[in-house]
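Below you'll find the structure, written out as structure tokens, and then a few comments.
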Amino acid sequence: MIISDLMLYFRGCTAREKDKDIEDATRFLLDQSGIDYHILDNENCCGSVLLRSGFKKDAINLMKENLNDFKDELIITSCAGCYKTLKEDYKDLLNVDLNVLHISQLLFQLINEGKIKVNDNFTNFNVTYHDPCHLGRALKVYDEPREVIKKYTNLIEMKNIRDNGLCCGSGGGVKSAYPDISNTIAKRRIQEAEETGCDYILTACPFCKLNLNQNSNKLKVLDISEFIAKLIKNENIEGI
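Residue numbers (the working numbering): 1 to 240.
Laid out in structure tokens, this is it:
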């Protein structure tokens with residue numbers, strides 16, 4: 001994996017509009033690693049929501065509008081849905097092969113190259129990791145997020161992970177169209193996480209973070225970027 005001098009951080013609608021903490025943490029980590037990146041002031045949706053909701057024609061039109069912004073860029077995204085759309089759907093529907101990485105993949109490389117600090121004092125937090133559907137089952141990105149987590153803390157796996165991982169209930173328009181079903185699915189995943197005895201649930205998708213958090217009474221759910229950023233800053237994890 002070669003890190004380009006031209007790097008675009010594509011924030012995605014959810015991190016940009018609903019959960020700025022993920023954007024702030026990601027930008028902090030990029031700054032810490034000395035990455036020269038930029039963002040789009042008038043960033044559009046990648047098209048994922050329209051596409052998953054059945055509005056294929058509208059999604060394709062939006063995707064075509066985005067192409068000028070993506071030309072010759074290495075695209076970094078925080079969102080698993082954006083990652084799948086940019087990586088796979090632009091290629092399948094527009095025959096455009098974009099150069100895109102999920103932030104967990106980039107962090108894995110930067111940590112291994114010594115460009116991001118790993119604390120000398122191994123933390124005693126027990127965390128579990130929820131595989132986002134688009135990142136995991138769809139594109140088989142399983143190892144990088146886990147390797148990043150294990151550099152900083154103890155990873156305790158849930159019963160159903162990787163190809164057998166359970167959905168958070170938020171993707172594909174389910175949260176908007178069928179909120180009760182979405183909440184039921186999320187609560188089942190939360191219960192499985194609680195059975196690990198962990199302190200936190202980490203994930204790598206804003207949709208997953210928001211829906212799991214909304215349905216969790218005990219466990220705090222954080223994006224992997226937030227968790228790592230807080231450890232590097234020596235912030236009080238127990239207080240979040």
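Idealized CB from N, CA, C, for every residue including glycine.
Query	Result
Cβ of residue 87 versus every heavy atom of the ligand MG: is any distance shorter than 8 Å?	This structure lacks the ligand MG; in fact it carries no ligand of any kind.
For the beta strand (DSSP E) that contains residue 10, what are its first and last residues?	7–10
Only counting the same chain, and skipping five residues up and downstream in sequence, which positions put a Cβ closer than 7 Å to that of residue 229?	25, 28 and 29
Spatial neighbours of residue 197 within its chain, please: CB distance less than 8 Å, with the 5 preceding and 5 following residues excluded, ordered by chain position.	126 and 156
For the alpha helix (DSSP H) that residue 84 lies in, which residues bound it at each end?	80–84
Counting beta carbon pairs with one atom in the stretch 163–180 and one in the stretch 204–220, are three or more of them shorter than 8 Å?	yes
For residue 50, which residues of its own chain have a beta-carbon under 7 Å away from its beta-carbon, when the five flanking residues on both sides are left out?	58, 59 and 62
Is the beta carbon of residue 181 less than 9 Å from the beta carbon of residue 190?	no
When DSSP builds the beta bridges, which residues end up paired with residue 184?	Answer is none; residue 184 lacks a bridge partner.
Rounded C-beta distance between residue 98 and residue 75? I'm assuming under 8 Å.	6 Å
Closer than 8 Å by C-beta to residue 38: which residues in its own chain qualify, once you throw out the five before and the five after it? Chain order, please.	7, 8 and 9
Between 184, 115, 176 and 149, which lies nearest to residue 34 when the distance is taken from Cα to Cα?	115
Assess contact between the stretch 90–110 and the stretch 171–180, defined as three or more Cβ pairs (one per stretch) separated by less than 8 Å. Is contact present?	no
Using DSSP with H/G/I as helix, E/B as strand and the rest coil, what is residue 98?	coil
Would you kindly check if the distance between the Cβ of residue 80 and the Cβ of residue 288 is under 9 Å?	Residue numbering for the chain in the displayed model covers 1 to 240; residue 288 lies beyond these limits and cannot be assessed.
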